Amino acid sequence: MPVATAGAREAVEVGQDRLDEAHEGQFVCDARKHQLARATVSCYALLWRDGGDLAECQFEQRPMRLVHPDDELGGTLLLTFPARVVHEIDAWSPLAPPRGDVAPGVPQLMRRAADRDDPPPGPARADVEAFLQSNRVEVIALVEGEEPITSCTTQARHSYVNEDLAFDCTFANAVVHENGTWAIQYEKLQELLPAPPC
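Under the numbering used here, residues -19 to 178 are what the sequence shown spells out, in order.
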């Protein structure tokens, strides 16, 4: 896989700007000498909602709206340095418990709170944790772009499951300035630091 991701772990952070705002994120970086050109990222959530019986288990595949890089601008990445990919867990997020006015499994218009002047309140953190613990969730991050030497389109996928989610964490800084040059510490792409809620 030509594109490095933040290992088998992703962080669910509580945002700094609003107390109840939660984010899901991961880092991506191209570890090769010639990085992908025109790289983009998209994320999808696979949900298995338990109906009590395996035969009643409901499966959903839902796109995850990204706030960074902004998916309305194409989700473009510059992979020369590690890029943080952020999904806000708002009222429309597939990682949030379903709202009472929406039937689970029924496709809805893709929205996000970042696009609205008056977004509905986001889910409480305890509700998000309970939802993620009671349902099987898999997040798939898909990075694609052009290989600069051959101009072939290439793709890298990374999958995260419930056990990979870490609450109250943020990523360690993987870019350092040493001896007048910038360097990437690839081993730090997998390192999470405690980040207590605000």
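Each residue gets a CB set at the ideal place from its N, CA and C atoms; glycine is no exception. Here the structure is a predicted model, which is why all the values come from computation and not from measurement.
{"Item": "Within the chosen definition, does the segment 38 to 52 reach the segment 62 to 70 through at least 3 CB pairs nearer than 8 Å?", "Value": "yes"}
{"Item": "Going by alpha carbons, who is nearest to residue 104 out of 5, 20, 177 and 162?", "Value": "177"}
{"Item": "Go through its chain and collect everything with a Cβ distance to residue 131's Cβ below 7 Å, but skip five positions before and after it.", "Value": "none"}
{"Item": "Judging by CA-CA distance, which residue of 25, 27, 151 and 60 is the nearest neighbour of residue 162?", "Value": "60"}
{"Item": "Where do the ends of the alpha helix (DSSP H) carrying residue 112 lie?", "Value": "105 to 114"}
{"Item": "I think residue 19 touches residue 125, with their Cβ atoms under 8 Å apart; what is that distance to the nearest whole Å?", "Value": "3 Å"}
{"Item": "Going by the beta-carbon positions, is the gap between residue 136 and residue 119 smaller than 7 Å?", "Value": "no"}
{"Item": "In terms of residue numbering, what span does the beta strand (DSSP E) encompassing residue 22 cover?", "Value": "17 to 29"}
{"Item": "On the criterion of 16 or more Cβ atoms from any shown chain inside 10 Å, does residue 180 qualify as buried, or is it exposed?", "Value": "No statement about residue 180 is possible, as the shown extent of the chain runs from -19 to 178 and does not include it."}
{"Item": "Determine the direct distance from the alpha carbon of residue 106 to that of residue 168, and round the result to whole angstroms.", "Value": "29 Å"}
{"Item": "Between which two residues does the beta strand (DSSP E) holding residue 147 run?", "Value": "145 to 147"}
{"Item": "So residue 139 is in the beta strand (DSSP E); what residue range does that whole segment cover?", "Value": "133 to 141"}
{"Item": "Who does residue 50 pair with in a DSSP beta bridge?", "Value": "47"}
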